[in-house]
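Peer 1:
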């Protein structure tokens, strides 16, 4: 999509200096200075980039005066960073919702309803009795199972898969390859050492404003629902097992795994590659450091946990410092033993 | 799918009290009490839920007498939990095998054979010379490469991908996005620091009754086969490298990785986020705790291993307890050193 | 694909003994001896397999004389292992580039250009203004977003997904389910505890000869590019976050995660399940052991790091040895304390 520099200047209420007819098709960093991009200059230490830039325009402070001749047009505003951020958001919204209409072939099962402004990409599959709200974007090769409901303005990227009976709220975002509602991992051991599959009949509910990363997997509940509360943000390659509940506005970074029936509180921050065992509760506002293993319920809100077998973060840091120096500690103990051994016999125990 | 309460009552051999014409379309928890569901009451402490439930029916013990007026029909049986479990399984089987026929468009390559009762979803791709048994369910957007064989009654969910030449047994279950037979990670270092790809020409064999989780990846062998023995159950986002063998009835939880040419025994239980190095053997009935790293062959069956560099579980627990208190231990040593230092000169070494 | 034994013998410049008209459709291990395969015999301890083999042919040393009657034809060469390796590579190239033409239905957006010899599998999707070089293989169900560029001879396996605006070099290889260019995980905390999405407008650049494993995810940059330099090899289920740079010929094993804006040097070897924090640099030729956590910039090339909180490998090994014996160390300290305590009162501090 292309915009003129003049259009952008008007959008952010700036004062234009230079050629407003130039075309912009992306936003860029000032140090890159690529053609047909727009950047911003806020920190004076980046000013020198402006003089060699091939960008179409640069957003600058209202009092900025170039010291040499420059190529880009200038858009003068009070706060260049805020103006640029606003532009980023506008651009992102335009790009995200640019797709519309129906690309053929795509599949729509019996009894399914689709709202206004919905995009259905080629090779996308929508099962039976599905309800899809307004302006939802179903990218190519997406799979939506029978009886699924998807709220207004959600975006489901290419190849994401939603199993039958799941519910997805408004303004949710599923990145490519995400799987929602796969069978929970439940097997009952039999006398002969084999396993019998425990039927998984529940579903997954994503409330409003939930983001799910690429190739992340969220299992359905055995009965009832695995629930991701509103505003939760989940990164790529995360595993959420059956019957888990993730609280409102909780953030979970890449490659973390949460085992069955665990309940994570609100506003938690869980870093990458964390493992959390099943059937525990984690209090609101808990922070878990990367790679930690959480094996017990966390009762106190605002706890910070770290460690392979996670415990209080500050204590972990102290323990870890000594771990690195264990050879020295061990040597000290050996030296002490020798000293004690060498005390005159009558003084020893 | 809908059933009448009467039909269900007959299926489980119960005695019906109340309206048998009501329709049931799912199984639920007694505490949810949703319309058109059926639940069970086994533990008396949940009895109060029955009086506010909107469920179509509840399975109860044969001697159960409600203390107040209730909405749901009652189905009286000897053992409500067993009856409910049986219902779960019946329902699961019906749902799993409900799909049949061919949805268009789908792709079937030359020389491929498909058995009776097979479902081929829209946008599914079956390459050349593929053999597919009876009642196999190929969900939409599944990819089956050339020369693949799939045994009777296996279910391949949406978007799972099976590379050419792989073999899948009977009653296997591949969840969405699983990848079977990707190239093994083999690269030969060259003199200039670059890498040359080592061709990967083998395949993957899944024996009967194997389950593979969502977005799990199983690499083909360099030559020969990567083998998952019968009854093995593998969770989501697991990585199995080239030429690995996983023994009969072994269970592997989410996000675990097994490196090339390692052989895992029978009836092992490997928890989540475990890493196992290449070219080792793990004895039958080995248990590995979550997040452990296994770097050496395990010879003795029934071993339990834990730890970042895994060793005997009980020893790990003791070591870990002291790890947490390393600052105190270090302080003790420091105090001892000072005491020794302060011993009268002639007594010191 | 089938070749005659004679054709193969000529290809590797061998001397044929036996039936050259037999057909070969795969390469195999000598101990398997399957029909229609070809193997090699290099190590004399495997010689006995040759006498029961059903293979079509076996590559042997030029001076090899069978001691009994054998079924397979013999192809005699100076170095059987090298000849077999060459055959492996030839076969792999033939198989990899065997697919060509267009399978219907597939999707090609407006303004997109496709070079000679390109394969476009059924249900593959190519967006608008895409440029695809010569002999590129786009397997079924692949998704290529708008404005993407793909260099000559790259292979994109089934169901891999490339977001809009990404660039893929020559001779790259993307395994099934890989995701290139998903949104970076960027969210700005708001006063009410919720998060606002930070728009992700950059792209991913894969330079020439890059390999990406199955279900691996590489996020686009917030602005600018996430870059994988030429010759880098990335295994399955790896996570590369926004704005990361991976250096030339660096190898990253399965399930490793690299956080945002980190820069990994050239010729590094990063094992499986490693986690690397954001905003750091890792020097050229760094080696990181499996499961390590790297939390600080690595300045010195050729460093080897290990550990949950990674540090110098040899120091880690020593510390880990003592970790396992912490209970004994703790007991020694306790014994020392008791001894000191029992020293005669006037000698104590």
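Protein chains in written order, with our numbering: chain A, 35 to 383; chain B, 35 to 383; chain C, 35 to 383. Glycine residues also receive a C-beta, built at the ideal position from the N, C-alpha and C atoms.
1. Using beta carbons (cut-off 8 Å, strictly below), is residue 335(B) in contact with chain A?
2. Could you check where the alpha helix (DSSP H) with residue 117(C) kicks off and where it finishes?
3. Can you give me the C-alpha to C-alpha distance between residue 367(C) and residue 343(A), rounded to a whole angstrom?
4. Considering residue 357(A), what are the terminal residues of the alpha helix (DSSP H) in which it resides?
5. Assuming the contact rule is C-beta atoms closer than 8 Å, residue 58(A) and residue 90(A) should be a hit. Round their C-beta distance to whole Å, please.
6. Comparing alpha-carbon positions, which option in 268(B), 46(B) and 276(B) lies nearest residue 269(C)?
7. Give the C-beta separation of residue 177(B) and residue 195(B) to the nearest angstrom, bearing in mind that I take them to be a contact with Cβ-Cβ under 8 Å.
8. What does DSSP give as the partner residues of residue 159(A) in its beta bridges?
9. Got a sec: is the Cβ-Cβ distance from residue 37(A) to anything in chain B below 8 Å?
10. Suppose the cutoff is 6 Å on Cβ atoms and the five residues either side in sequence are ignored; what does the same chain contact list for residue 312(A) look like?
11. With residue 51(B) as the anchor, note down where its beta strand (DSSP E) starts and where it stops.
12. Going by DSSP, name the residue or residues bridged to residue 71(C).
13. Against chain A, with Cβ distances strictly below 8 Å, would residue 299(B) count as a contact?
14. With a CB to CB cut of under 7 Å and the five nearest residues on each side skipped, what residues in its chain are close to residue 153(A)?
15. What residue does the alpha helix (DSSP H) around residue 214(B) start on, and which one ends it?
16. Quick one: residues in its chain with C-beta nearer than 8 Å to the C-beta of residue 204(A), no 5 flanking neighbours on either side, listed in chain order?
17. Determine the chain A residues that contact residue 91(B) at a beta-carbon separation under 7 Å, and present them in chain order.
18. Assuming residue 308(C) contacts residue 325(C) (C-beta within less than 8 Å), just tell me the rounded distance between them.
19. Could you name the residues that DSSP lists as bridge partners for residue 183(C)?
20. Three-state secondary structure (DSSP) at residue 369(B)?
21. How would you label residue 41(A), buried or exposed, when you count the other beta carbons within 10 angstroms and need 16 or more for buried?
22. I believe residue 44(C) touches residue 110(C) by the beta-carbon criterion, under 8 Å. Please report the beta-carbon distance rounded to the nearest angstrom.
23. Give the interface partners of residue 269(C) over in chain B, defined as CB-CB distance under 7 Å, in chain order.
24. Near residue 83(C), what residues of its chain come up, given a Cβ to Cβ distance below 7 Å and the 5 sequence neighbours on each side ignored?
25. How many angstroms separate the CA atom of residue 105(B) from the CA atom of residue 55(B)?
26. So residue 177(A) contacts chain B; which residues on that side make the cut at Cβ distance below 7 Å?
27. By Cβ distance, which residues of its chain are closer than 7 Å to residue 118(C), with the 5 residues on each side in sequence left out?
28. Taking only beta-carbon positions, decide if residue 216(C) is within less than 8 Å of chain A.
29. Keeping to the same chain, check which residues put their C-beta closer than 6 Å to that of residue 198(C); ignore five residues upstream and five downstream.
30. How long is the line joining the alpha carbons of residue 209(B) and residue 192(A), rounded to whole angstroms?
31. Less than 8 Å between the CB atoms is what I'm expecting for residue 235(A) and residue 88(B), so what's the real figure, rounded?
32. Put residue 40(B) into one of helix, strand or coil per three-state DSSP.
33. Let me know if residue 383(C) comes out buried or exposed under the rule of 16 or more other beta-carbons within 10 Å of its beta-carbon.
34. Please report the straight-line C-alpha distance between residue 85(A) and residue 107(A), rounded to a whole angstrom.
35. Chain C beta carbons: is any one of them nearer than 8 Å to that of residue 288(A)?
36. Can you name the residues of chain A whose CB is closer than 8 Å to the CB of residue 88(B)?
Peer 2: By the coordinates alone:
1. Residue-level contact by beta carbon fails for residue 335(B) and chain A, as no gap is shorter than 8 Å.
2. 114-130
3. 24 Å
4. 347-358
5. Sure, about 5 Å apart at Cβ, within 8 Å.
6. 276(B)
7. 4 Å
8. Residue pairing by DSSP places residue 159(A) opposite 141(A) and 177(A) in a beta bridge.
9. no
10. Apart from the 5 residues on each side of it in sequence, residue 312(A) sits with its Cβ closer than 6 Å to the Cβ of 293, 294, 295 and 296 in its chain, given in chain order.
11. 49-51
12. 60(C)
13. No - not a single Cβ of chain A is within 8 Å of the one on residue 299(B).
14. 133, 134, 135, 171 and 172
15. Run containing residue 214(B): none in the alpha helix (DSSP H); it sits in the beta strand (DSSP E), 213-216.
16. Same-chain partners within the cutoff: 167, 185, 186, 187, 188, 242 and 243.
17. Under the 7 Å cutoff, chain A gives no residues; its nearest Cβ is about 15 Å from residue 91(B).
18. 7 Å
19. 165(C) and 201(C)
20. helix
21. With fewer than 16 Cβ atoms within 10 Å of its Cβ, residue 41(A) is classed as exposed.
22. The pair is not a contact, with the Cβ atoms about 13 Å apart (cut-off 8 Å).
23. 219
24. 64, 65 and 67
25. 13 Å
26. 174, 175, 192 and 193
27. Excluding residues up to 5 positions away in sequence, 74 and 93 lie with their Cβ nearer than 7 Å to the Cβ of residue 118(C) in the same chain.
28. yes
29. 179, 180 and 181
30. Cα to Cα, the separation comes out at about 18 Å.
31. Not confirmed; about 18 Å, so no contact.
32. helix
33. With a pLDDT of 43 at residue 383(C), under the threshold of 50, the predicted position of this residue should be treated as unreliable, though the coordinate-derived value follows. Residue 383(C) comes out exposed.
34. 12 Å
35. Yes, residue 288(A) counts as interfacial toward chain C.
36. What residue 88(B) touches in chain A: nothing, since even the nearest Cβ is about 15 Å away.
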